[in-house]
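What follows is a single structure, written as structure tokens, with notes after it.
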Amino acid sequence: AKSWWDNFKVRYSFGSLGNQQVGYYDYIREVSLSNGSYLFGGSKPLTAGLGAPVASTLTWETVQQHNVGIDLAFLGNRLTFTGEAYVRDTKNMLTTGQALPSVYGASAPKTNNADLRTQGYELSLSWRDAIILGGSPLEYDVTATFNDYIGFITKFDNPEKTFAKSYYEGMVYGEIWGYKTDGFFATD
């Protein structure tokens with residue numbers, strides 16, 4: 003096989019990274035200052051207002067990814083194949099927490115109460131060669147790539163799967179809802 007098989011490599015990698023796109027001060031309940039609406043003594047006084055509540059357990063999202071791949075090369079490295087598969091788990095995603103009573107007067111705080119899993123693969127087949135054209139070499143490379151992935155919610159606080167919340171456990175991310183029909187009338 004040495005005359006036509008040039009490379010065989012199996013790869014595996016694992017990585018974990020925190021997503022710091024939480025916001026600089028999202029863990030602190032803000033107090034905002036503004037001028038009041040009514041006059042007292044001929045001027046509008048300075049007032050303070052308490053911002054929306056925050057979750058005391060707010061933390062970064064964590065992304066963990068497992069990746070396995072194979073690299074093959076044949077015919078003097080002119081024909082190459084690469085195949086990859088991965089599983090990416092996003093843990094502690096920020097979503098809206100449980101609704102607060104309307105008499106409280108504030109919206110629900112963001113909490114780390116959702117997980118997302120994405121599974122996918124990518125296949126790539128390439129041919130690289132050179133031909134002599136007009137006395138000079140002309141190098142060319144042709145590559146065909148195919149990939150696909152699916153993401154689904156693995157944890158979300160919506161056990162009744164109500165439409166009042168955007169997601170539910172087991173939901174395929176990006177799924178489209180529609181009516182089921184028995185068919186269409188083609189004639190009167």
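If you use our numbering, the sequence shown closes out at 190, no skipped numbers anywhere. Backbone N, C-alpha and C fix where the C-beta goes; we use that ideal spot for every residue, glycine too.
Linking V33 to R13 through their CA atoms gives a straight-line distance of about 52 Å. Sequence-distant Cβ neighbours of T156 in its own chain, meaning closer than 6 Å and more than five residues away, are D117 and R119.
Looking at D131, F16 and T113, the one whose alpha-carbon comes closest to that of G25 is T113.
Shown here, V56 sits in coil according to DSSP, grouped into three states, outside any helix or strand. Setting aside the 5 residues that flank it on each side, Y175 is surrounded in the same chain by L118, G153, F154 and I155, each with a C-beta closer than 7 Å to its C-beta; the list follows chain order. The beta carbon of A110 lies closer than 7 Å to those of T98, G99, Q100, A101 and L102 in the same chain, with the five residues before and after it left out. Under the three-state reduction of DSSP, Y106 is assigned to helix. In this structure A54 is in contact with A108, their Cβ atoms being roughly 5 Å apart against a cut-off of 8 Å. DSSP links R119 through a beta bridge to D91 and F154. If you draw a 10 Å sphere on the C-beta of F10, you find fewer than 16 other C-beta atoms in it, and that means exposed. As DSSP reads the structure, S45 sits in a beta bridge with F42.
With fewer than 16 other Cβ atoms from the protein chains shown falling within 10 Å of its own Cβ, E177 counts as exposed.
The DSSP-derived three-state label of I72 is strand. Per DSSP, L77 lies in no beta strand (DSSP E) segment and is marked neither H nor E. Ranked by Cα distance from N79, the options S168, T189, E171 and D8 are led by D8. DSSP, reduced to helix, strand and coil, places K11 within a strand of the structure shown. Between F158 and E171, the CB-CB gap stays under 7 Å.
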